[in-house]
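J.: Okay, here's the structure, questions in a sec.
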Amino acid sequence: MQAHEGMYIDGAWRPAAGDDRIDVLNPADGTVAGSVPAGGPEDVDAAVRAARAAFPGWAATPPVERAARLGALRDVLVARQEEIARTVTTELGSPVSFSRAVHAAVPVAVAGSYIDLAAEHPFEERLGTSRVLHEPVGVVGAITPWNYPLHQIVAKVAPALAAGCTVVLKPAENTPLVARLFAEAVHEAGLPAGVVNLVTGLGPVAGQALAEHEGVDLVSFTGSTAVGRRIGALAGGAVKRVALELGGKSANVVLPGADLARAVKAGVANVMANSGQTCSAWTRMLVHAGDYEEAVERAAAATARYAPGDPLDDATRLGPVVSAAQRERVTGYIAEGQREGARLVTGGTEPPEGFEQGSWVRPTVFADVTPEMTLAQEEIFGPVLSILRYEDTEDALRIANGTDYGLSGAVWAGDEGEAVAFARRMETGQVDINGGRFNPLAPFGGYKRSGVGRELGPHGLTEYLQTKSLQF
Ligand code: NAD
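Position 295, counted from 1, in the sequence shown is what the working numbering calls 277; the numbers after and before it change by one each time, with no gaps.
In structure tokens form, the structure reads like this:
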């Protein structure tokens, strides 16, 4: 176990103002994997001052030079991929093969995408008699969650840097170790002092201080809807820009005529990946009545392949959930599903046999879930799939759109045009058609209560810009 000291502020590791600490637990067995300082308002203030001081210089740095620094940062992330993967596995519990393929590799792709976007973005345009300037917003307060800990950091910091903003990052308390690695990478990449600063700490203390700080121009938050609402209200009160990436309850709609075997297998994989702790997970599978029982059987068979195992073993496909609290939350939803009368096809509230230490949840599938049930309405954030039955396409659309959320989704059909026509009517920010692949340039973000703003690609970059018009 490593006891880390200091926070990365103004280009150096500095001692925290207070003595409070956070223990980082390995959710696979509950052991202490490390500890970091729990920063408070004084640390946040020092970090914001450093970011403010660095802002004019970074904003004035030509975009191609900012792109070159992002390239150096990407290269360090590439060089340290294995260390990143193992660190995420230790603090989050995700299987190391998934950590390599997703937690370490996706941030490299996203950082890489902003090299070109920074260099090529049209920061000025002519509109009639005006010259419109797209200028960086200023100091960004980035508050990130634990479920894709490095991706969510890079998805905020890379576009902010590309735009010319400076950043204070407050990562989730469960996963500060990979955030420290990121700050080391920033240092190695030679970013000027104060351009990126890291304060580890508790949400209601350090997070709140950052969201409230007068020196922060834009708060970008990813996490729960409850905290997002508070941050949105705070930012609104202070007339400050805000971006919120919140929860989801996405629908995976399997239309009649689709390749059922493929759709169900991909749907189960999507929910079980990262132990279901994915905001965009397709947690509601919608199947036509005629295909329903076959889909349930196929889902049970596919789920059996997600046997829990040592997260550091290359062959493991399912790790624990992030914490004991998350285990309680997820098993509470499983119990609620049983109380409300859904059919438990596989899984349940007991930990898997032999995995009583740590925070383990059995991969769980519910059938006969109806749209008004808690299972079909609330984000569970665990390895729990609900399968719903629909009678016709209009019914499927009504169910798909029948939650407060609208982050992601999927449609499967024999005819691609039919799937696209259905997707156009879905109230959601992203839809994968017949298994469409992750695209790091595609705008990501929510309709309805799933959030405000977009991340990734050029849309993610423009979130960090404000416009000025010169008439001449
Ligand atoms: P959370 O919203 O409490 O934490 C996210 C981030 O916000 C963390 O960095 C946390 O320290 C910070 N934070 C917490 N309270 C704060 C406050 N008052 N002011 C400022 N910052 C604050 O999320 P969680 O407790 O880690 O997870 C709870 C649930 O949220 C999960 O079960 C899941 O449903 C959802 N969640 C969604 C996402 C997503 O990607 N959409 C990510 C993580 C969690």
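Ideal Cβ placement from N, Cα and C applies to all residues, glycine included.
Within 10 Å of its beta-carbon, does Thr361 have 16 or more other beta-carbons around it, so buried, or fewer, so exposed?
T.: Per the sequence shown, the amino acid found at residue 361 is Glu instead of Thr. That one is buried.
J.: Are the Cβ atoms of Pro365 and Leu452 separated by less than 8 Å?
T.: Going by C-beta atoms, Pro365 is not nearer than 8 Å to Leu452.
J.: Helix, strand or coil: how does DSSP classify Ala(-6) here?
T.: Correct three-state label for Ala(-6): strand.
J.: If you drop the 5 nearest sequence neighbours on each side, which residues of the same chain put their C-beta closer than 7 Å to that of Glu65?
T.: Cβ within range, chain order: Leu163.
J.: Measure the CB-CB distance between Asn179 and Ala42 and report whether it falls below 8 Å.
T.: Cβ distance not < 8 Å, so Asn179 and Ala42 don't count as in contact.
J.: Which complete alpha helix (DSSP H) runs does the segment 160 to 195 hold, if anything under 4 residues is left out?
T.: Entirely contained in the segment 160 to 195, the alpha helix (DSSP H) runs reaching 4 residues are, in chain order, 190 to 194.
J.: For Ala(-15) and Val18, what's the separation of their Cα atoms in angstroms?
T.: Those two C-alpha atoms are separated by around 6 Å.
J.: For the candidate residues Asn416, Leu370, Ile213, Ser262, whose alpha-carbon lies nearest to that of Tyr501?
T.: This structure cannot speak to residue 501, because the chain is shown only from -17 to 454.
J.: Drop a sphere of 10 angstroms on the beta-carbon of Gly146, count the other beta-carbons inside from all chains shown, and report buried for 16 or more, exposed for fewer.
T.: Burial call: buried.
J.: Is there at least one non-hydrogen atom of the ligand NAP closer than 7 Å to the beta-carbon of Phe363?
T.: Ligands in the displayed structure: the ligand NAD; the ligand NAP is not one of them.
J.: Can you name, in chain order, every residue of its own chain whose Cβ lies under 6 Å from the Cβ of Val177, other than the five neighbours on each side?
T.: Excluding sequence neighbours, Val177 sits near Ala36, Trp40, Thr148.
J.: Counting pairs of Cβ atoms below 8 Å between the segment 166 to 175 and the segment 199 to 213, do you hit three or more?
T.: Result no; under three Cβ-Cβ pairs closer than 8 Å.
J.: Please return the same chain residues whose Cβ sits closer than 8 Å to the Cβ of Leu357, not counting the five positions on each side in sequence.
T.: Cβ within range, chain order: Tyr315, Glu318, Gly319, Glu322, Ala324, Phe348, Val351, Val366, Ser368.
J.: Quick one: what does DSSP say Ser368 is sitting in, helix, strand or coil?
T.: Note: Ser368 maps to strand in three-state DSSP.
J.: Near Val187, what residues of its chain come up, given a Cβ to Cβ distance below 6 Å and the 5 sequence neighbours on each side ignored?
T.: Correct list, in chain order: Gly22.
J.: When DSSP labels each residue in this structure, what does Asp386 get in the three-state scheme?
T.: Coil, per DSSP.
J.: Between Thr385, Ser95, Thr182, Glu106, which has its C-alpha nearest Asp1's C-alpha?
T.: For Asp1, the nearest C-alpha among the options comes from Thr182.
J.: For a test of your reading of the model: does the CB of Gly205 fall under 7 Å from any non-hydrogen atom of the ligand NAD? Yes or no.
T.: Within the cutoff, so yes.
J.: Which partner residues does Asn234 have in the DSSP bridge list?
T.: Met267, Ala392.
J.: Ser262 lies in the alpha helix (DSSP H); which residues open and close that run?
T.: Neither: Ser262 is in no alpha helix (DSSP H) and is coded neither H nor E.
J.: Kindly give me the distance between the Cβ atoms of Val303 and Pro9, rounded to whole angstroms, as I take these residues to be in contact under 8 Å.
T.: That pair is a contact at about 7 Å.
J.: Just tell me which of Arg407, Gly(-12), Arg212, Ile381 has its CA closest to the CA of Thr265.
T.: Taking only the C-alpha atoms, the option nearest Thr265 is Ile381.
J.: Contact defined as beta carbons within less than 8 Å: I believe Tyr446 pairs with Val119. What is the distance between those atoms, to the nearest angstrom?
T.: Yes, Tyr446 and Val119 are in contact; Cβ-Cβ is about 5 Å, under 8 Å.
J.: So is the beta-carbon of Lys138 under 7 Å away from any non-hydrogen atom of the ligand NAD?
T.: Lys138 Cβ: outside cutoff for every heavy atom of the ligand NAD.
J.: Apart from the five residues just before and just after Glu414, which ones in its own chain have a Cβ nearer than 7 Å to its Cβ?
T.: In the sequence as presented, Glu is not what sits at residue 414; that position holds Asp. Contacts found: Ala392.
J.: What do you reckon, are the CB atoms on Arg339 and Gly12 nearer than 8 Å?
T.: According to the sequence provided, residue 339 is Gln. The question's Arg does not apply to it. Yes, Cβ-Cβ distance for Gln339 and Gly12 is below 8 Å.
J.: Taking the beta strand (DSSP E) that Ala424 belongs to, which residues open and close that run?
T.: Neither: Ala424 is in no beta strand (DSSP E) and is coded neither H nor E.
J.: Skipping 5 residues on each side, what residues in its chain have a beta carbon closer than 6 Å to that of Ala307?
T.: Excluding sequence neighbours, Ala307 sits near nothing in its chain.
J.: Contact defined as beta carbons within less than 8 Å: I believe Leu228 pairs with Ile213. What is the distance between those atoms, to the nearest angstrom?
T.: In fact, because the Cβ distance is near 10 Å, the residues do not count as touching under 8 Å.
J.: Flag Gln412 as yes when its Cβ comes closer than 7 Å to any non-hydrogen atom of the ligand NAD, and as no otherwise.
T.: Every heavy atom of the ligand NAD is 7 Å or more from the Cβ of Gln412, so no.
J.: Please give the ranges of any beta strand (DSSP E) in the segment 272 to 329, keeping only runs that are unbroken, at least 3 residues long and fully inside the region.
T.: For the segment 272 to 329, whole beta strand (DSSP E) runs of length 3 or above, ordered along the chain, are 325 to 328.
J.: Have a look at Ser305 and Gln259 and give me their C-alpha separation to the nearest angstrom.
T.: Approximately 11 Å between the Cα atoms of the pair.
J.: Just to check my reading of the structure: Val70 and Val160 have Cβ atoms closer than 8 Å, yes? What is that Cβ distance to the nearest angstrom?
T.: About 5 Å; that satisfies the 8 Å criterion.
J.: Does the beta-carbon of Leu300, which I'm using as the reference point, lie nearer than 7 Å to any heavy atom of the ligand NAD?
T.: Leu300 Cβ: outside cutoff for every heavy atom of the ligand NAD.
J.: Helix, strand or coil: which one does DSSP assign to Val347?
T.: In this structure, Val347 counts as strand in the three-state DSSP scheme.
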